[in-house]
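Residue 128 in numbering that gives the first Met the number 0 sits at position 129 of the sequence shown; the count goes up by one each step and never skips.
For every residue, glycine included, the Cβ atom is placed at its ideal position computed from N, Cα and C.
For reference, the structure discussed in these notes is given below.
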Amino acid sequence: MSVSIHVDTVIACDRTQLFHRLLDVERDPDWTSGLLRARRLDEGPLAVGSRVERVSKFLGREMVYTIEITGLEEGERVDMVTTAGPFPMTVTYTLSDADGGTRMAITTAGDPKGFYKLTGPLLSGAVRRQIALDLSLLKDLMES
């Protein structure tokens with residue numbers, strides 16, 4: 000079962016400021032629900048090819064996965080793909096100007112395997128709720 004989710008919100012902050020916050024991947028646990036740790040696997044500025052190991056808890060299970068940055072457009076977009084973990088997925092952060100700030104969208108798509116495949120329709124709803132919560136946490140962080 001393939002899962003595809005898109006959630007967006009408007010955050011009252013400058014697009015460049017928000018983009019640079021997204022590049023600070025080791026602080027992702029501050030706004031990503033269920034994310035316990037994030038650690039860069041390489042050095043230097045985040046760029047295409049950079050890799051990040053993440054440890055998270057989702058649907059009661061801890062999972063370790065690695066993401067690789069596959070696209071980076073200054074102030075506009077970050078594309079990622081999992082290269083190791085329980086299921087392959089892509090994640091895209093998209094930023095655009097909006098009345099009152101910046102519209103941030105998170106789009107994710109993937110094909111769950113194992114336990115996560117068995118959860119079927121529950122998975123899509125759980126992922127959507129988690130992404131909406133993540134955007135709410137990021138909004139609170141950026142607007143405070």
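Whether residue i touches residue j by CB criterion (7 Å)
i, j, result
"V9", "R102", "yes"
"V80", "T93", "no"
"R36", "V54", "yes"
"R38", "E52", "yes"
"T31", "D133", "yes"
"D110", "S1", "yes"
"I4", "R127", "yes"
"T106", "T91", "yes"
"R26", "L40", "no"
Any non-hydrogen atom of the ligand ATP closer than 6 Å to residue i Cβ
i, result
"T91", "For the structure depicted, the ligand ATP is absent and the ligand set is empty, with no information on it obtainable."
Start and end residues, beta strand (DSSP E) containing residue i
i, result
"L71", "60-72"
"R76", "76-83"
"R102", "100-109"
Per-residue DSSP class, three states only, for residue i
i, result
"V47", "coil"
"A37", "strand"
"S95", "strand"
"E142", "helix"
"S1", "coil"
"T31", "coil"
"D7", "strand"
"F114", "Unreliable positioning characterises F114 in this predicted model, as indicated by a pLDDT of 49, which lies under 50. A coordinate reading is not provided."
"E52", "strand"
Same chain only: Cβ atoms within 6 Å of residue i, ignoring 5 sequence neighbours per side
i, result
"F57", "G33"
"A11", "G99, G100, E142"
"V47", "I68, L71"
"F114", "Low confidence applies to F114: its pLDDT is 49, below 50, so where it sits in the model is not reliable, and the reading given next is rough at best. Counting only Cβ-Cβ distances below 6 Å, and skipping sequence neighbours, we find nothing."
Candidates the options, of which the one nearest residue i by Cα
i, options, result
"E142", "S1, S3, R14", "R14"
"D139", "G43, D29, S123, S49", "D29"
"M73", "A125, A83, R20", "For the sequence presented, residue 73 should be read as Glu rather than Met. Nearest C-alpha to E73: R20."
"L137", "D23, P87, S3", "D23"
"D96", "L40, R76, L45", "R76"
Residue i: first and last residue of the uninterrupted alpha helix (DSSP H) it sits in
i, result
"R20", "14-22"
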